[in-house]
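A.B. asks: Dropping the structure in here first, questions after.
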Amino acid sequence: MIDKTELKKDESQDRSLIGLLSWSIKGVLNVLFNNNSEQETKIMESMVEKTETKIMESMVEKTEVKKEEIPGRSLVDLVFSWSLKDVLNEDLHKHQVRKIPETFSSTTEYLTSFCDALVEETHADLLSSMSTVSQAPTRAIFSVTQSVKCKPPKDLLYHVTLESVKRIENHGVRYEPEVRDIIAITDVRPKCIDDLERQNRSYVVAFVLSVRYESSLTILSSKPILFEHDKNKKRQTLYAVPLVNMTTNIRIWRALNSKLEGGNLNIIQNVLQSSSMDATNCTTFLIEENCNAAFAAISSKICSSDLNDSQKDAVLSCLVTRESNHQNTVKLIWGPPGTGKTKTVGVLLFSLLRMKCKTLTCAPTNTAVLEVTQRLLKNVTESLEYDTYGLGDVVLFGNGKRMKILDRHNLLDIFLDNRVSILHECLVSSSGWKGSLTSMICLLEDPRRQYNLYLNDRSMIDNEEEKIDDKKSKKNVRNVIVKASNENKYKKNEGQVVDKCDSHLSFEEFVQRRFNCILQRLKYCNVNLCTHLPTSFISLEVVKKMKLSLDLLTSLEKLLSNVTVADKELEQVSEENDQRFGHLMKYGFVRGDCLRILRTIPKKFPVPDFRYEWEIKKFCLENSCLYFCTVSSSAKLHEVKTQWEVLVIDEAAQLKECESTIPLQLPGLRLAILIGDERQLPAMVKSKVSEEAGFGRSLFQRLVLLGKNKNLLNVQHRMHPSISLFPNRVFYENQILDGPNVKERRYERRFLQGNMFGSYSFINIAHGKEEFDYSHSLKNMVEVAVASEIVASLFKEFVRTKKKVKVGIISPYKAQVYAIGEKVKHYSADSNDDFSISVRSVDGFQGGEEDVIIISTVRCNMNGVVGFLENHQRANVALTRARHCLWILGNEATLTKSCTIWKELVIDAKKRGRFYNADVDKNLAQAITVALVEHNQIHILLNMDSFLFRKAKWKVSFSNDFLNSMSRVKNVETCKQVLTLLENLANDILKENSYYIQILKVWDILPLSEIPRVANHLDVLFENYTVDKMSQCKYKSLNGCLLVPMRWSINSCSCPEVDPLLSLSKSLVSLSLRDDSESSSTTDMYAFGGRDASEEGYNHHQPEIILTRLKNSKKWDRAQEMQILEQLSRLSCAQS
């Protein structure tokens, strides 16, 4: 955070660091260059570690830490006051949290109404982290020393050095400390909550105030810390365990308690009640009578842009409000999914930039901030006349690591940390702009004099070249020493020391090398100053001169590279104004032009005399025009001495209202523009108590509830019309129009064959099972298998057609997201950018879109319970992410019983002919089968109604004995083979009405030794058969050469006579089940199957006749029959 305290702190720290660094580098490097043994190297490493600790302690001691200088101290003290029992008590603050009202009588009531809910939410955060403390990363503590500013009993300040990263053993993910972490200091790596507090053992809660080099911390402790420093005694090991980071909550707390400097409550005053007036009536008057020429030009450009009418109206309404000097106004832009919110905001911000309006743009998350920043940057770069000149008016700041800023190279030109580093090199370093410009002028004016200087100091060239390569002026002590040590070892291994100054350069070589060296520095400074300085500090005229000078110097560089004359001749040309050079006349002419231009360019720009990087950071934040950061990070701007005009909050409906008070209090602010959609996901709230109190409600939503006017963006350009149809009707009352682009025939894309994979489908997963994972989140492995199979098919089709496709898979449950991600990660890891897979939660996908979206709803139960899936906002987000295809996986029965939005969706899909059963598709059916077998749900497949057999020509039934036996078979491959064989036996499709029908019955799968017992049991059963029953079972019906089941009308009192040629040669009773195979291995298993007469349309008879048939056999051959049985039995020998 940039405030007065930290600025002074950084300055004192830098000064201390400089003194200690000079001592360390001079003393330690001397040893390194003369001693290279391993023992000495270890000694040096130990010295460096101690030096770093001393540096940290010295810098912190010079900083006065006062109670009021710790931001959010009152909230931190409240957290310190909670015992472990308090933290684990979910109802600790339940009765203190009141319902947050919709209107307020004063700003005091407004701000204080959120405080209790914020405390409860902080408690919920801590409770959540405590419940997973066993999974938290840890870090051993190397040393703990008491600060001289420690003032018991309240200000318990300590300096803590964590174990070096190099010494950390493999104990999982290591703890990387951050400022404002709440940590537990304990003497054991906690495996459960109870490990934090046992008899004779207690943990200490501490608050991290500062972090240096990822290992050195300054902390505020809740209790005194006892740490043994006696070298003669065995030291107790302590560990730092992170619990929660308090940064955002502390910033909100300070905003609610009016602790932000320059607090401006004017806009907050204007949103307390519903009586605020909208500044829309002045639009026509302003445009027609009072607008200035600049505004008219911008308005004209907007009107002629490719924005649709609703987008133009929204942008112009905001600009008119700003121009008409309406004070403390709030504007709402309502942007449903796919209506171009980001594009609209980009045009709005670009217009404000052109109007030189100081504007802060923020959003709840880094992702949202980067998205809108990239859109604005695209608009800006397309309009720039001179390369990147003008980007200095735009600044993006925040945590670069969390933003993954290095993965977004196009944003580095406006990223604050990068800008500060570059400007420090250009404006402060001796090799920066001023020094380089002076050096170039001197070289071109009198190269002979520069050469003589070089002869007196031959290291000049080498030093200049090193300055180009070394762009970082500050280095870690350890890095310096390790680098020097490695270089020294290399030199000794080579047996020589390279001396760059052993031989001097000729005059020609000197001029060329010196010129090239200075030119590289000038190019670097030239480009970066034009890019990073605000336009108010570098005029367009100067930029043009700088560009011209670079062009001339580049031409001169080419000419110099062609010089081949002797040194003396080059000297004469310099002394005689280039009159004798013949073929180098052009060189002299260009050199003269260079000098004339370079002398007109300022060596110093009208910026302060910087010494430290924090001064440059302060300068950039004070003098930019357009700012981008998260809402939380906007707290840093309260210490910047400037006045803002406009605040733009993107995704405002996803932001807690209390958090929006941070930027709303910026000094000078007179217009706030909120862009969002209250019908999509709100902010996340962990505490149910706080959620019920309305803590997650946004300012956007509250103003909508109070009847505030909003500009609706009413044309969606994302979804195919078949995708947008349902959400538009259910969530937006058909107010949203489909854009012309999505109506075009070419927008309908087919990525897979079959009606099931059209633009919109509900795919019924009838046999799934919801289950909890270790983190108590739900997953459905059958849906995982189906989603994975669809992705596999998409990838195969991509390989075949080479058509680019981006796939998104959405699920509301983290466990499902993880399970699917594991299944498809080898596709997402593919380096081919034309095929990409993104698996995220609904919350993680808000604001995103892909070509194909697969939704896994997970829920599958008898009661129709769907949990938070019933939330309309969550459903809205999930259903509106797809561009071309949306495929929804779910259990029809569960969703229909839920009586939620998902019931409507299933009914709608059926009415529109977009409802499909997953097992109709051969590949999906196979994936479902494998998933059921792998997860011990084979019993779902072994019944007459199973999708494996319900379309078969032979109806299949299984005895309880067979089902029990199969449940004991643990080998997955064996189960798969059994199912495949049974499916093949059952054969083809046949529709039937009510009649008696022969069925295929599978009796058991058992060891060979059990066959005699079963045979005896069957003998008893067969004796009870009537003659008609036996005749029906024995009757054989042939369709060509294929044996098919026989059917009889229910009203038929008799059955056909048995054809002796077609009847079974023997009844099953006479089958020799007690054969010679008894001597075979008892590990072999036999499966028995047969035909029975059953009543279709009523309950099937439990079969008593056990026979089987050979698929597609031309004759009913018992030998073949027994061969099949034997094959089946051997497939299933792995019985538990």
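Using numbering that gives the first Met the number 0, the first residue of the sequence shown is number 0, and each one after it goes up by one.
Each residue gets a CB set at the ideal place from its N, CA and C atoms; glycine is no exception.
Do the segment 612-628 and the segment 393-412 make contact, defined as three or more Cβ pairs closer than 8 Å?
C.D. replies: yes
A.B. asks: Return helix, strand or coil for T641, following the three-state DSSP convention.
C.D. replies: Reduced to three states, the DSSP call for T641 is coil.
A.B. asks: Output the boundary residues of the beta strand (DSSP E) element that contains S723.
C.D. replies: Unbroken run through S723 is the alpha helix (DSSP H), 720-731; no beta strand (DSSP E).
A.B. asks: Closest to I854 by C-alpha separation, out of L219, D308, N875, would be which residue?
C.D. replies: N875
A.B. asks: Mapping the DSSP letters down to three states, classify E972 as helix, strand or coil.
C.D. replies: helix
A.B. asks: Buried or exposed: which applies to D1018, given that a residue is buried once 16 or more other Cβ atoms fall within 10 Å of its Cβ?
C.D. replies: exposed
A.B. asks: Just to check my reading of the structure: C619 and V419 have Cβ atoms closer than 8 Å, yes? What is that Cβ distance to the nearest angstrom?
C.D. replies: 7 Å
A.B. asks: With DSSP run on the structure shown, which of helix, strand or coil describes F580?
C.D. replies: Its pLDDT being 43, under 50, F580 is placed unreliably by the model, and nothing is read from it.
A.B. asks: Exposed or buried, which one is T553 when buried takes at least 16 other CB atoms within 10 Å?
C.D. replies: exposed
A.B. asks: Roughly how many angstroms separate the alpha carbons of R913 and I661, rounded to a whole number?
C.D. replies: Cα-Cα distance, rounded: 47 Å.
A.B. asks: Which first and last residues belong to the beta strand (DSSP E) in which A239 is found?
C.D. replies: Looking at the DSSP string, the run of the beta strand (DSSP E) that includes A239 is 237-244.
A.B. asks: Where E638 and T437 are concerned, what is the direct C-alpha to C-alpha distance, given to the nearest angstrom?
C.D. replies: 37 Å
A.B. asks: Hey, is the segment 664-678 in contact with the segment 638-653, meaning 3+ C-beta pairs nearer than 8 Å?
C.D. replies: yes
A.B. asks: With C-beta atoms as the reference, is N733 less than 7 Å away from N727?
C.D. replies: yes
A.B. asks: Could you check whether the segment 372-387 touches the segment 341-348, counting it as contact only if at least three pairs of C-beta atoms, one from each stretch, sit closer than 8 Å?
C.D. replies: yes
A.B. asks: So what does DSSP say about A135, is it helix, strand or coil?
C.D. replies: coil
A.B. asks: Helix or strand or just coil, what does DSSP make of W81?
C.D. replies: coil
A.B. asks: State the DSSP-derived secondary structure class of T338, mapped to helix, strand or coil.
C.D. replies: coil
A.B. asks: Can I251 and C657 be called in contact, C-beta distance under 7 Å?
C.D. replies: Yes; because the gap between Cβ atoms is below 7 Å, this pair is in contact.
A.B. asks: Is it buried or exposed, P189, if we count other Cβ atoms within 10 angstroms and call 16 or more buried?
C.D. replies: buried
A.B. asks: Mind listing, in chain order, the continuous alpha helix (DSSP H) runs of no fewer than 4 residues lying wholly within the segment 868-944?
C.D. replies: Annotation note: the segment 868-944 contains the following uninterrupted alpha helix (DSSP H) runs of length 4 or greater, listed N- to C-terminal: 871-878, 891-896, 900-910, 921-933.
A.B. asks: List in chain order: all unbroken beta strand (DSSP E) runs of 3+ residues lying wholly within the segment 341-393.
C.D. replies: 358-362
A.B. asks: Going by DSSP, name the residue or residues bridged to N769.
C.D. replies: Note that residue 769 is Glu in the sequence shown here, rather than Asn. Beta-bridge pairing links E769 to N779.
A.B. asks: Measuring CB to CB, does C356 end up less than 7 Å from E644?
C.D. replies: yes
A.B. asks: Could you check the C-alpha separation between S760 and D416 for me, to the nearest Å?
C.D. replies: 47 Å
A.B. asks: By a C-beta neighbour count over all protein chains shown, 10 Å radius and 16 as the cutoff for buried, is K340 buried or exposed?
C.D. replies: Buried.
A.B. asks: Looking at the unbroken alpha helix (DSSP H) that takes in K557, where does it start and where does it end?
C.D. replies: 539-560
A.B. asks: Hey, would you say L670 sits closer than 7 Å to T358, going by beta carbons?
C.D. replies: no
A.B. asks: Could you tell me the distance, in whole angstroms, from the CA atom of D592 to the CA atom of D445?
C.D. replies: 15 Å
A.B. asks: Anyone know if the C-beta pair for I224 and V143 falls short of 7 Å?
C.D. replies: It is a contact, given that the beta carbons lie within the stated cut-off.
A.B. asks: Identify every run of the beta strand (DSSP E) within the segment 603-687, keeping only runs that are complete inside it and at least 3 residues long; order them along the chain.
C.D. replies: Listed in chain order, they are 625-629, 645-648, 670-675.
A.B. asks: Check L271 in the structure and name its three-state DSSP category.
C.D. replies: coil
A.B. asks: Once DSSP output is grouped into helix, strand and coil, what is the label at F797?
C.D. replies: helix
A.B. asks: Report yes if the C-beta distance between I421 and N527 is below 7 Å; otherwise report no.
C.D. replies: yes
A.B. asks: For the 8 Å Cβ check, are there 3 or more pairs between the segment 785-797 and the segment 856-864?
C.D. replies: Remark: fewer than three beta-carbon pairs, one from each stretch, lie closer than 8 Å, so the segment 785-797 and the segment 856-864 are not flagged as touching.
A.B. asks: According to DSSP, which residues form a beta bridge with A786?
C.D. replies: Its beta-bridge partners do not exist; DSSP assigns none.
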